[in-house]
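Residues 454 to 910 (our numbering) are what the first sequence spells out, left to right.
Beneath this line is the structure, given in structure tokens, with notes to follow.
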Amino acid sequence: EQRKQPNLRGLPTAVVQYNEWKGGALIAVSYEARGHGVKRSMRGHEAKQVCPEIQLVQVPVARGKADLNTYRNAGSEVVAVLSRKGRCERASIDEVYLDLTDAAEKMLAEAPPENLEVVDDETLKSHILGLSNEGGLNPKENVRDWLCRKDADHRDKLLACGTVIVAELRMQVLKETEFTCSAGIAHNKMLAKLASGMNKPAQQTVVPLSSVKGLLDSLPIKKMKQLGGKLGTSLQSDLGVSTVGDLLRFPEEKLQERYGINTGTWLWNIARGISGEEVQGRLLPKSHGSGKTFPGPRALKTNAAVQHWLNELCEELAERLRSDLDQNKRIAHTLTLHASAYKSSDADSQKNFPSKSCPLRYGTAKMQEDAFILFQAGLREFLGSHNIKAQGGQNNGWRITGLTISASKIVEIPSGTSSIMKYFHGQCPSSSKQARDDCVQEAVRLSPSGFSSQTSS
DNA sequence: ACGGGTTCAACG
DNA sequence: TCGTTGAAC
Numbered sequence: 454e455q456r457k458q459p460n461l462r463g464l465p466t467a468v469v470q471y472n473e474w475k476g477g478a479l480i481a482v483s484y485e486a487r488g489h490g491v492k493r494s495m496r497g498h499e500a501k502q503v504c505p506e507i508q509l510v511q512v513p514v515a516r517g518k519a520d521l522n523t524y525r526n527a528g529s530e531v532v533a534v535l536s537r538k539g540r541c542e543r544a545s546i547d548e549v550y551l552d553l554t555d556a557a558e559k560m561l562a563e564a565p566p567e568n569l570e571v572v573d574d575e576t577l578k579s580h581i582l583g584l585s586n587e588g589g590l591n592p593k594e595n596v597r598d599w600l601c602r603k604d605a606d607h608r609d610k611l612l613a614c615g616t617v618i619v620a621e622l623r624m625q626v627l628k629e630t631e632f633t634c635s636a637g638i639a640h641n642k643m644l645a646k647l648a649s650g651m652n653k654p655a656q657q658t659v660v661p662l663s664s665v666k667g668l669l670d671s672l673p674i675k676k677m678k679q680l681g682g683k684l685g686t687s688l689q690s691d692l693g694v695s696t697v698g699d700l701l702r703f704p705e706e707k708l709q710e711r712y713g714i715n716t717g718t719w720l721w722n723i724a725r726g727i728s729g730e731e732v733q734g735r736l737l738p739k740s741h742g743s744g745k746t747f748p749g750p751r752a753l754k755t756n757a758a759v760q761h762w763l764n765e766l767c768e769e770l771a772e773r774l775r776s777d778l779d780q781n782k783r784i785a786h787t788l789t790l791h792a793s794a795y796k797s798s799d800a801d802s803q804k805n806f807p808s809k810s811c812p813l814r815y816g817t818a819k820m821q822e823d824a825f826i827l828f829q830a831g832l833r834e835f836l837g838s839h840n841i842k843a844q845g846g847q848n849n850g851w852r853i854t855g856l857t858i859s860a861s862k863i864v865e866i867p868s869g870t871s872s873i874m875k876y877f878h879g880q881c882p883s884s885s886k887q888a889r890d891d892c893v894q895e896a897v898r899l900s901p902s903g904f905s906s907q908t909s910s
């Protein structure tokens, strides 16, 4: 939003979605606003109380719901820059992992930092964990010395190369998108993610091998990705583990018998700074979803209201699926509906509405039809398939507080050429000729430019 | 009434 | 392997 309205640069700013109820919900808070105590959990009015000068920018609304496409697209712009230098995994709307091993090895072989006569300023501003500031030298001189150490471990030399590359990439991101970003540079995803949050905004942090133990020993368990929830809490209360270092006391088998083989092994490893997760090399999302909540008095009470909102949600989803097909030649195969509901009779049975899925048929109207069928299937189960009856479009039994429709099992269409028929045979398990023909006919209708000549023959 | 997404592991 | 749930971010 600050890029779109440069006059907001440097001002305390937050993005709110909706504003009728208590000024809307904050979904993003600028660092200036954070400095005034504004938190993402606040409502717009609350933010105004703690920071009267705050600029509140509203999320676009389309079809009666918040439309986050602006921010998805902004994330894509950044990915487009970062993915040039190495394997890139889009981890969320604004986070990516990069595996820069190859680029770092290349730099180490061809132009290692130790040979550099000038190191650019962004690189020198890096934070190197555990780097002592002896002798009151300029911190940048210390960074330069660390980067150019000839006696360093090979892996730390790679890290030094990574530091230079990431600084370049962040400068390119800034130049080409006007977005700043922070980064962590480490030997695995877990440590890099941890480091990326240590110096914000717009800075980068390096985790040399020698600093891993010191970093994890006193790190509160909840700071580790995946341990911010119930697992972290049970680790604390069941085993008395409050820091990652405390985990070192427990043998692998003990952790495994308490938390299962996978989680136990994982815990044992992260305590030692070990994480074998590969950077996935995935630039696109694995699913698309469109949802809306209907809190308190706004809860939906009629089939007609549910159908109306499902239609809106399906329109948005269909539009995003269409973009994915046009831009990426990908097709989704599963449609899933999730609803949140409560029975107005017993106010306790809040969230047990089952999610339902079915094969995804392209076309807005078909998705709308299927979505409503899925809803009704779930509703019947929710009501226990008996008692409550809808009378004349009204009902006393249920209230819907949230609806989400999503598309998953997204696969790329073989772009090459020849074997589109082979592709469809592979995709349609049904032995029915009719089902396969429908499938093919659908693809022809959807993507006439690319496929008609092949498929119509 | 902490919204709207998204990914992943576990389970049957 | 699939659909579904719940955790986590």
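All C-beta atoms, glycine included, are put in the ideal place defined by N, C-alpha and C.
What is the residue span of the beta strand (DSSP E) that residue i lies within?
i	result
residue 466	466-470
residue 724	Premise fails: residue 724 is in no beta strand (DSSP E) and is neither H nor E.
residue 742	741-746
residue 479	478-482
residue 659	657-659
residue 851	851-865
residue 683	Per DSSP, residue 683 belongs to no beta strand (DSSP E); it is in the alpha helix (DSSP H), 683-692.
residue 509	508-511
residue 636	636-638
Sort the options by Cα distance to residue i and report the nearest one.
i	options	result
residue 721	674, 836, 525, 625	674
residue 601	851, 472, 567, 619	567
residue 558	620, 610, 520	610
residue 506	810, 677, 497	497
residue 701	726, 830, 540, 499	726
residue 580	660, 520, 769, 621	660
residue 794	806, 785, 779	806
residue 495	481, 576, 485	481
residue 751	474, 459, 466	474
residue 517	766, 594, 677, 564	766
residue 462	525, 860, 729, 484	484
residue 649	549, 606, 704	549
residue 785	669, 796, 777	777
residue 472	857, 519, 487	519
residue 607	628, 565, 632	565
residue 737	455, 531, 460	531
residue 617	735, 657, 582	657
residue 524	686, 547, 749	547
residue 465	457, 476, 477, 500	500
residue 724	699, 739, 468	699
residue 762	858, 667, 780	858
residue 740	470, 773, 513, 533	773
When DSSP builds the beta bridges, which residues end up paired with residue i?
i	result
residue 751	BP columns for residue 751 are empty, so no partner.
residue 548	545
residue 554	According to DSSP, which records beta bridges pairwise, residue 554 is partnered with nothing at all.
residue 581	659
residue 972	Outside the shown range of the chain, which is 454 to 910, sits residue 972, and nothing can be said about it.
residue 795	852
residue 809	790
So, under 8 Å CB-CB, residue i and residue j are touching, yes? Tell me the CB distance rounded to an integer number of Å.
i	j	result
residue 671	residue 696	6 Å
residue 638	residue 662	Not a contact, Cβ separation roughly 12 Å.
residue 641	residue 754	Incorrect: roughly 51 Å between the Cβ atoms, too far for contact.
residue 746	residue 854	6 Å
residue 833	residue 823	Residue 833 to residue 823, Cβ: 16 Å. No contact.
residue 490	residue 503	5 Å
residue 395	residue 827	Residue 395 falls outside the range modelled here, since the chain spans only 454 to 910, and no answer is possible.
residue 810	residue 787	5 Å
What residue range does the alpha helix (DSSP H) around residue i cover?
i	result
residue 592	592-601
residue 829	817-835
residue 532	522-535
residue 500	497-503
residue 617	607-630
residue 665	665-670
Report task. Determine, using beta-carbon pairs with one atom in the region 683-701 and one in the region 645-662, whether at least three such pairs fall under 8 Å. Result -> Segments in contact, no.
Query - Three CB pairs or more closer than 8 Å across the region 502-516 and the region 537-550 - result: Contact between the region 502-516 and the region 537-550 is absent, because fewer than three Cβ pairs lie under 8 Å.
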